[in-house]
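*Asks:* Supplied in structure tokens, the structure appears directly below.
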Amino acid sequence: MDTEKIRQGVRLLLEGIGEDLNREGLKDTPDRVARMYEELFAGYGDRASDHLSTTFTSKDSEMVVEKDITFYSTCEHHLLPFFGKVHIAYIPDGKVVGISKLARTVEVYARRLQIQEQMTAQIADALMKELHPKGAMVAVDAEHTCMTMRGIRKPGTRTLTYCSRGAFAQDPELKREFLSLVR
């Protein structure tokens, strides 16, 4: 990440909106924003495979669900936050992963410029690629500040996205079971 370019960009933005860069409250803002962006966009330096590669043998092949994984991401269209909960399910096929690794996988994709629909699919695809389960499903429930604080201005409006792969895509009853567990 090029933090100097970010600092320069923030300076230009502040000048563009008519602010005084020498004002006490803004003197260190370009540097603060650059440090913040390193944190917010840490997903670019991370890979889901790093988190999903350590697995454990399991004879169980029942659905594994991790729900209510809080995430914060940034809309690539307006550079404003969107945030909410991710719910994940997969059906092991001889291998399971530590449950914290599912939340870490969410962070890989949430900490990038993103759209919700893409993030939902990226998480499901990473599970399928790395764990080779019988199926995976991801549901994301989020509020987008680009819709709640600007534009249409409808606070509390939530967007729901789903992505099903393997057995979840083939079996409507399995999909219903997952959705009933996460509601």
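106 is the number that numbering that gives the first Met the number 0 gives to position 107 of the sequence shown; each next residue is one higher, with no gaps. We put the beta carbon where it would ideally sit given N, CA and C, even for glycine. Computed from a predicted structure; not experimentally measured.
Name the one or two DSSP bridge partners that Cys-74 has.
*Replies:* By one-based count along the sequence shown, residue 74 stands at place 75. Answer is Gln-113, bridged to Cys-74.
*Asks:* If you draw a straight line from the C-alpha of Asn-21 to the C-alpha of Pro-29, how long is it?
*Replies:* Position 22 of the sequence shown, counted from the start, is the residue given in the question as residue 21. Position 30 of the sequence shown, counted from the start, is the residue given in the question as residue 29. Approximately 12 Å between the Cα atoms of the pair.
*Asks:* Express the C-alpha separation of Ala-47 and Ile-68 in angstroms, rounding to a whole number.
*Replies:* Your numbering for residue 68 matches position 69 in the sequence shown. Your numbering for residue 47 matches position 48 in the sequence shown. Roughly 16 Å separates the two Cα atoms.
*Asks:* I need the boundaries of the beta strand (DSSP E) containing Arg-6, first residue and last residue.
*Replies:* Position 7 of the sequence shown holds residue 6. Counting along the chain, Arg-6 falls outside any beta strand (DSSP E), though it belongs to the alpha helix (DSSP H) covering 2-15.
*Asks:* Tell me which same chain residues have a C-beta within less than 8 Å of the C-beta of Arg-164, skipping the five on either side of it?
*Replies:* Stepping through the sequence shown from its first residue, residue 164 is reached at position 165. Excluding residues within five positions, the ones whose Cβ falls inside 8 Å are Ala-123, Asp-124, Leu-126, Met-127, Gly-134, Ala-135 and Met-136.
*Asks:* By how many angstroms is the C-alpha of Val-139 removed from the C-alpha of Leu-180?
*Replies:* Along the sequence shown, one-based indexing puts residue 180 at 181. Along the sequence shown, one-based indexing puts residue 139 at 140. Cα to Cα, Leu-180 sits roughly 14 Å from Val-139.
*Asks:* Tell me whether Phe-70 is buried or exposed, calling it buried when 16 or more other Cβ atoms sit within 10 Å of its Cβ.
*Replies:* Translated into the one-based positions of the sequence shown, residue 70 becomes position 71. Per the 10 Å Cβ criterion, buried.
*Asks:* Which of the three DSSP states is assigned to Ser-57 in this structure?
*Replies:* Taking the sequence shown and counting its residues from 1, one reaches residue 57 at position 58. In this structure, Ser-57 counts as coil in the three-state DSSP scheme.
*Asks:* Within a Cβ cutoff of 8 Å, which residues of the same chain sit near Glu-75, ignoring the five residues on either side of it in sequence?
*Replies:* Here residue 75 corresponds to residue number 76 of the sequence shown, with the count starting at 1. So the list reads Leu-112, Gln-113 and Ile-114, once near-sequence residues are dropped.
*Asks:* Taking a contact to mean a Cβ-Cβ separation below 9 Å, would you say Ala-97 touches Ser-60 in this structure?
*Replies:* Within the sequence shown, residue 97 is the residue found at index 98, counting from 1. Within the sequence shown, residue 60 is the residue found at index 61, counting from 1. One point to set straight first is that residue 97 is Gly, not Ala, in the sequence displayed. Result no, Cβ atoms of Gly-97 and Ser-60 do not sit closer than 9 Å.
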